[in-house]
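Enquirer: The numbering of the sequence shown is our numbering, which starts it at 18 and goes up by one.
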Amino acid sequence: MIDSSFIERVRQIVGAAGVLTDAGDIDPYVRDWRGNYIGKTAVVVRPANTEEVAAVVKLCAQTHTPIVPQGGNTGMVGGGVPDTSGDAIVLSLKRMTRIREIDLANNAMTVDAGCILQTIQNAALENDRYFPLSLAAEGSCTIGGNLSTNAGGTAVLRFGNARDLVLGIEAVTPDGRIWNGLKALRKDNTGYDLKHLLMGAEGTLGIITGAVLKLYPKPQRTCTALVAVPSPRASVQLLATIRGAMGDRLTGFELMSRVCVDHVITHFPSTAEPFEQRHDWQVLVELTDTLKDAQLEDALATSLEPAFESGLAEDAVIASSESQASALWGIREHIPEAEKARGKSVKHDISVPISRIAEFIERGDAALNAAFPNAQVICFGHIGDGNLHYNLSFPGATPSVEQTHAANSIVYALLDELGGSISAEHGLGQMKRDEITRHKGEVELDMMRAIKRALDPHGIMNPGKVL
Ligand SMILES: Cc1cc2nc3c(=O)[nH]c(=O)nc-3n(C[C@H](O)[C@H](O)[C@H](O)COP(=O)(O)OP(=O)(O)OC[C@H]3O[C@@H](n4cnc5c(N)ncnc54)[C@H](O)[C@@H]3O)c2cc1C
18 MIDSSFIERV
28 RQIVGAAGVL
38 TDAGDIDPYV
48 RDWRGNYIGK
58 TAVVVRPANT
68 EEVAAVVKLC
78 AQTHTPIVPQ
88 GGNTGMVGGG
98 VPDTSGDAIV
108 LSLKRMTRIR
118 EIDLANNAMT
128 VDAGCILQTI
138 QNAALENDRY
148 FPLSLAAEGS
158 CTIGGNLSTN
168 AGGTAVLRFG
178 NARDLVLGIE
188 AVTPDGRIWN
198 GLKALRKDNT
208 GYDLKHLLMG
218 AEGTLGIITG
228 AVLKLYPKPQ
238 RTCTALVAVP
248 SPRASVQLLA
258 TIRGAMGDRL
268 TGFELMSRVC
278 VDHVITHFPS
288 TAEPFEQRHD
298 WQVLVELTDT
308 LKDAQLEDAL
318 ATSLEPAFES
328 GLAEDAVIAS
338 SESQASALWG
348 IREHIPEAEK
358 ARGKSVKHDI
368 SVPISRIAEF
378 IERGDAALNA
388 AFPNAQVICF
398 GHIGDGNLHY
408 NLSFPGATPS
418 VEQTHAANSI
428 VYALLDELGG
438 SISAEHGLGQ
448 MKRDEITRHK
458 GEVELDMMRA
468 IKRALDPHGI
478 MNPGKVL
C-alpha cells in the first residue's frame, strides 16, 4: 500500500527531487497522450540512476506495490499510465538522460533509458554516425519507451524495428536486481537472448535502465519525394519498382490518403497543397546514400519513368532543398496531431504482409463504408512495412462503444483472414489486452503467461497491461 511511510522510504532512496506527490505535478504522468486513459497514483518516483531504480523496485517487491514504468508518455495504448485504483507508483525514467559512451570503432552508443530519442539521433550525427530510429514523437519519447514497445517508425523498411538496433541492455528485474546485459557484441550465442524478452514487453517483465545501440554510417545524401498514385495497389507496385531500382537506398515509403492531407492542411495552415491537382493517394519516398556524390534525384526520376508510363504514378515532386524536404515530411508527421485535433476516432495500428496490404485497404474500406456511411476512413502509414494506421472518424461526433466494437470486429476479422496483426507497432497496453486473447492461440498465450509468472511472480510490473 502507498502510505506516508512508503513515500518516506522512497524519498530516502531518490531524494526529494525524485518524488512528486502534489496533484498538479502528478497530473501529466497519469494521462496518456491521446487523453483516453486517466489513472491515479499517490506518487511519481523519478530515480536518477540504475542503483536508485533497483532500490525502489526492491522496496516495491517487498511491499507488493505495483509499478508502472514510464518514459516520454507518448504511447498510444495506455501502457505507460496507471489504472484508477491508485495502488501503483509511476516510475519515470526521465531523469536518467546520460549518454554513457560512444564507441566509434564498434559503431555503438551506450545510453541511459531516459534519453530522448532525438538527443540520441543528434549525438550520433555529431559523431559522424547515424541512429536510424525515427518517429513523429522523437522529440519527447525515450529510448527506454522505444525499446519497451519495440517502436517502428519511418525507417523500418531499411533498418528494422527498435529491437533490431540494439546490441545489449541493462535492466532491473521485478525483484530489484540489476541485470547488466550491456554487451556491445554483434555475435553472442550463449543461451536465451534475454534482451529480446524485455524489449517489446511494455514494462511487464522489468525496467530497462540502459542500452547499447547500433550506429550506422551517416547518410551524405538524402532525396525526399512525394508521388501521387491512383490507388494503394499502385503504391505497392511502385514500392517494388523503386526498391528494385534503388535497393537499400530506399529508407522510407509512407502512404497517405487524401483525407489525411486535407486534415493536415486544415489544422496546420502553413501546409501547402503539394500538387496542382488533388490526388486520392500519395506516397512519401525517402532515399539515402552514404556516398557524397550519389545522384539520388536523377536515379529516382529515372526509376519513376516507367511508373508514369504504366499509370502507377500520376505526379511527383522531388524536393530540391532541405526545407522543401522537411515540408513534405511535415505533411506526413502532422497527421496524428491533425487527427487528434478533430476529436476521437476508432484507432487501428495494423499490419499484414506487404503482398496483401492493398487487399486489406480495398476490403476494409468497402466494409467500413457500408457499415458506417457517414464515417471517414483515415488511412496512412508505413506501407513499405505492411503497417498502416487505419482509423475511423465520425465527423463532429465521438464514436460510441457500439460503433467502436463494430468497427473493430470488421477490421480484426479481416486481419485474421489475411494473416495480420492487431498491433503492428504501438503494443497492447491496456487498450488491446483483452482483444489479443482472441487472436493468439492458447499455446502462445500459455508461454507468455509462464514467462510473466517466472519473472514477476507477484505481478507487480505494470499490471493490467499486455496480459
Ligand atoms: C505523434 C506520435 C507519433 C508516433 N509515431 C509512432 C511511430 O511511427 N511508430 C511507433 O512505433 N510509435 C509511434 N508512436 C507511439 C510512441 O511514440 C512509441 O510507442 C514510443 O516508443 C513510446 O516511447 P515513450 O518513451 O513515450 O514510452 P511511454 O509512452 O512512456 O511508455 C510506453 C510503454 O513502455 C513502458 N516503458 C517505458 N519506459 C520503460 C522502461 N524504461 N522500461 C520498461 N518499460 C518502459 C511503459 O510502461 C509503457 O508500457 C507515436 C506517438 C505519437 C504521440
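Note that the Cβ used here is the ideal one computed from N, Cα and C, for glycine as well. A quick note: this is a predicted structure, and the numbers were derived from the prediction, not measured.
For P412, which residues of its own chain have a beta-carbon under 7 Å away from its beta-carbon, when the five flanking residues on both sides are left out?
Expert: Closer than 7 Å at Cβ, skipping near neighbours: Q393.
Enquirer: Does the Cβ of R203 have 16 or more other Cβ atoms within 10 Å, making it buried, or fewer, making it exposed?
Expert: Exposed.
Enquirer: Which same chain residues, not among the five before or five after H475, have their C-beta less than 8 Å away from its C-beta?
Expert: Within the same chain, H475 has close Cβ partners A78, H81 and P191.
Enquirer: Once DSSP output is grouped into helix, strand and coil, what is the label at H496?
Expert: Examination of residue 496 is not possible in this model, given that the chain is present from 18 through 484 alone.
Enquirer: Around the Cβ of Y147, are there at least 16 other Cβ atoms within 10 angstroms (buried) or fewer (exposed)?
Expert: Flag for Y147 reads buried.
Enquirer: Can you name the start and end residues of the alpha helix (DSSP H) that Y429 belongs to?
Expert: Segment V418 to L435, the alpha helix (DSSP H) holding Y429.
Enquirer: Near V85, which residues of its chain fall below 6 Å by C-beta distance, leaving aside the five closest residues on each side in sequence?
Expert: Once the five neighbours on either side are set aside, the close Cβ partners of V85 are P99, A105, V107 and N479.
Enquirer: Is it buried or exposed, V60, if we count other Cβ atoms within 10 angstroms and call 16 or more buried?
Expert: Label assigned to V60: buried.
Enquirer: Which parts of the segment 74 to 113 are runs of the beta strand (DSSP E), unbroken and 3 residues or longer, counting only runs that do not cross its ends?
Expert: As far as the segment 74 to 113 is concerned, its whole beta strand (DSSP E) runs of at least 3 residues are 84 to 87 and 106 to 109.
Enquirer: Leaving aside the five residues before and after F270 along the sequence, list all residues of the same chain whose C-beta is less than 7 Å from its C-beta, in chain order.
Expert: For F270, where only same-chain residues beyond five positions count, the Cβ hits under 7 Å are L174, L256, V300, V302, I400 and G401.
Enquirer: Between the C-alpha atoms of G398 and S274, what's the straight-line distance to the nearest angstrom?
Expert: Going by the C-alpha atoms only, they are around 9 Å apart.
Enquirer: Please work out which residues of its chain come closer than 6 Å, Cβ to Cβ, to T268, disregarding the five sequence neighbours upstream and downstream, and give them in chain order.
Expert: Cβ within range, chain order: A172, R175, E303 and T305.
Enquirer: Going by the C-beta, is L256 closer than 7 Å to any heavy atom of ligand 1?
Expert: L256 Cβ: outside cutoff for every heavy atom of ligand 1.
Enquirer: Taking all protein chains shown into account, decide if L230 is buried (16 or more other Cβ within 10 angstroms of its Cβ) or exposed.
Expert: By the neighbour-count rule (16 or more Cβ atoms within 10 Å), L230 is buried.
Enquirer: What residue ranges within the segment 250 to 298 form continuous alpha helix (DSSP H) runs of no fewer than 4 residues, ordered along the chain?
Expert: If we require 4 residues or more, the alpha helix (DSSP H) runs fully inside the segment 250 to 298 come out as 275 to 284.
Enquirer: Can you tell me whether K482 sits near ligand 1, meaning its C-beta is under 7 Å from at least one heavy atom of the ligand?
Expert: Within the cutoff, so yes.
Enquirer: Please classify I371: does DSSP put it in a helix, a strand, or coil?
Expert: Residue state, collapsed to three classes: helix.
Enquirer: Using C-beta distances below 7 Å, list every residue in its chain close to P353, excluding the 5 sequence neighbours before and after it, in chain order.
Expert: Once the five neighbours on either side are set aside, the close Cβ partners of P353 are A153.
Enquirer: With a cut-off of 8 Å, do at least 3 Cβ pairs link the segment 363 to 381 to the segment 434 to 441?
Expert: Counting Cβ pairs under 8 Å, three or more are found: they touch.
Enquirer: Helix, strand or coil: how does DSSP classify K231 here?
Expert: Of the three classes helix, strand and coil, the one that applies to K231 here is strand, per DSSP.
Enquirer: In terms of residue numbering, what span does the beta strand (DSSP E) encompassing E118 cover?
Expert: Here the beta strand (DSSP E) through E118 covers I116 to D120.
Enquirer: Using the three-state DSSP reduction, which class does E459 fall into: helix, strand or coil?
Expert: DSSP places E459 in helix when its eight states are reduced to three.
Enquirer: Locate the beta strand (DSSP E) running through H406, then write down its first and last residues.
Expert: Where H406 is concerned, the enclosing beta strand (DSSP E) stretches over N404 to S410.
Enquirer: Around the C-beta of T58, are 16 or more other C-beta atoms found within 10 angstroms, so that it is buried, or is it exposed?
Expert: T58 is buried by the Cβ-count criterion.
Enquirer: Return yes when the C-beta of L365 is under 7 Å from any heavy atom of ligand 1, and no when it is not.
Expert: According to the sequence displayed, residue 365 carries His and not Leu. Not under cutoff, so the answer is no.
Enquirer: So who's on the other strand from S478, going by DSSP bridges?
Expert: Correcting the residue identity first, residue 478 is Met in this sequence and not Ser. Bridge partners of M478: I84.
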